[in-house]
Amino acid sequence: MAGADTTLLACGTRLICIVLILLNFVSIGIAIRRARPRRHPLPPPSDAPGVTIVRPVCGIDNFCNETLGSSLHLDYPACEVIFCCARATDPVVDVVRKLIAAHPHVDAKLIIGDEKVSANPKLNNCVRGWDAAKYEWIVLADSNVLMPKDYIQRMLASWRPTTGLVCSMPQGSQPQNLWAELEIAILNTYQARWQYSADGIGVGFAQGKNMLWRRDILDAGGGIRALAAEIAEDAASTKLVRRAGLKINLVDSPFEQPLGKRPFRDVWFRQIRWARMRRKTFPFHYAPEILAGAALPVILASYTAHLLGWNVALVAGLTLALLYSAETILAIANRWYFSWRLPFFFLLRDLMLPVIYFDAWLVDDFIWRGNSMSVREEKHPSA
295 MAGADTTLLA CGTRLICIVL ILLNFVSIGI AIRRARPRRH PLPPPSDAPG VTIVRPVCGI
355 DNFCNETLGS SLHLDYPACE VIFCCARATD PVVDVVRKLI AAHPHVDAKL IIGDEKVSAN
415 PKLNNCVRGW DAAKYEWIVL ADSNVLMPKD YIQRMLASWR PTTGLVCSMP QGSQPQNLWA
475 ELEIAILNTY QARWQYSADG IGVGFAQGKN MLWRRDILDA GGGIRALAAE IAEDAASTKL
535 VRRAGLKINL VDSPFEQPLG KRPFRDVWFR QIRWARMRRK TFPFHYAPEI LAGAALPVIL
595 ASYTAHLLGW NVALVAGLTL ALLYSAETIL AIANRWYFSW RLPFFFLLRD LMLPVIYFDA
655 WLVDDFIWRG NSMSVREEKH PSA
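If you're matching positions, the sequence shown starts at 295 in this note's numbering and goes up one per residue.
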């Protein structure tokens, strides 16, 4: 009887393991199809609407001349660029002013001074830029995004009649140390592919890195200040769009975020912060995230091997090799950054993810660009 019970248990764990591995393969297939790079830039549409790009800036990021300057080299006929900085003493102000002066033909300006509508410094920094935007189509784009020349065209191309918001997650690139490669292992072949999978089944989430709004849609939900309803503006955006009965679409092929050098501490605490925000704002969607990495399939495969008397180390190694080979194919197929070290960072990432997952259920506080914040607060009223 004991032998029969063991066999039945082994069948159950093996079945769950196979299902999880297949889900990983499906997500990788979706990401290969959706994120394959374009051969040629998209031309502007013949009836191109005017678009304003609002870029909040704070401090000197890696590659800031390249990323901020990329918004002044777009191939688009009617584009306004508004840089927003909370403090005139911020060192990035001089960088922005020099870039604007070097491109006098571009409709660009710098707004200094934020409006404290929330505990979220990035949202506070965007409000005045949003109010000053002269076009009805408005992009909120982080300062560390490297915009291709057809950036606006690609955002607009993902807009459908049922769309309320178009977003793009970052594609990590240009690492200059090992910890930046770890962040690439998290951003590209893990987070990006699962976000494309969610988008593929119609439950897309806003991603604050790049967000294309139509002004009337956000205004109908209370305007940009309504995004203070959540600790993160992308979570508030997701809920606002869904309340309007509209969908969030992702851009095909994510936009680059050049990383440069990254301290391990920054990579770790950034993932901790994002996980705590996701757990707070979407707890029912956050709960199954533990199924997404390699940890559970490897544990189940190892336990099955133990029950059946197989070589546990060999089975665990083969399971990892299977999963990481698929991720390698994804990175190479989409021409994302890849090196021989990256599979080792896949492993380190998958060791980190369970710790980050459970930490998010237990801890609420975090530091964001020097600001002490907590996900305990439901709403963040104007100061």
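Where a beta carbon is used, it is the ideal one built from N, C-alpha and C, also for glycine. Note that the structure is a prediction, hence the values are computed from the model and not measured.
Residue range of the unbroken beta strand (DSSP E) whose run includes residue i
i      : result
ALA435 : 431 to 435
ASP401 : 401 to 406
ASN418 : Looking at the DSSP string, ASN418 is not in any beta strand (DSSP E); the run it does join, the alpha helix (DSSP H), is 415 to 426.
MET505 : 504 to 508
GLY458 : 457 to 462
Euclidean distance between Cα positions of residue i and residue j
i      : j      : result
ILE354 : VAL386 : 6 Å
ILE593 : ALA610 : 8 Å
PRO552 : LEU590 : 31 Å
VAL606 : ALA595 : 8 Å
ARG509 : CYS358 : 28 Å
ASP291 : GLY306 : The shown model of the chain, from 295 to 677, leaves out residue 291, and the question about it has no answer.
THR456 : ARG328 : 19 Å
ILE495 : LEU612 : 30 Å
PRO398 : PRO415 : 29 Å
GLU475 : PHE639 : 7 Å
For residue i, the three-state DSSP class (helix, strand or coil)
i      : result
PRO675 : For PRO675, the predicted structure reports a pLDDT of 37, less than 50, and the residue's modelled location is therefore unreliable. A value from the coordinates is still provided. DSSP places PRO675 in coil when its eight states are reduced to three.
LEU590 : helix
ARG349 : strand
ILE376 : strand
PRO648 : helix
LYS574 : helix
ASN543 : strand
PRO552 : strand
PRO469 : strand
ASP369 : coil
THR300 : helix
ASP658 : coil
ILE312 : helix
LEU602 : helix
LEU336 : coil
Cβ pair residue i, residue j closer than 8 Å
i      : j      : result
LEU647 : GLY587 : yes
GLU583 : TYR651 : yes
ARG391 : GLY407 : no
ARG487 : SER321 : yes
SER462 : PHE549 : yes
ILE347 : SER365 : yes
ILE480 : PRO469 : no
CYS352 : ASN438 : no
ARG629 : PRO331 : yes
ARG349 : LEU362 : yes
VAL389 : GLY458 : no
ASP444 : PRO335 : yes
Buried or exposed by the 16-neighbour rule on C-beta atoms within 10 Å, applied to residue i
i      : result
ALA427 : buried
ARG512 : With the sequence shown as reference, residue 512 is identified as Leu, and Arg is not the correct amino acid for it. Burial call: buried.
Residue-level contact to chain B via CB, residue i, 8 Å cutoff
i      : result
ILE312 : Judged by its chain identifiers, the structure shown contains no chain B, having just a single protein chain.
Span of the alpha helix (DSSP H), counted from its first residue to its last, around residue i
i      : result
LEU534 : 527 to 537
THR622 : 606 to 627
THR361 : 358 to 364
ALA451 : 445 to 451
TRP488 : 487 to 494
VAL386 : 386 to 396
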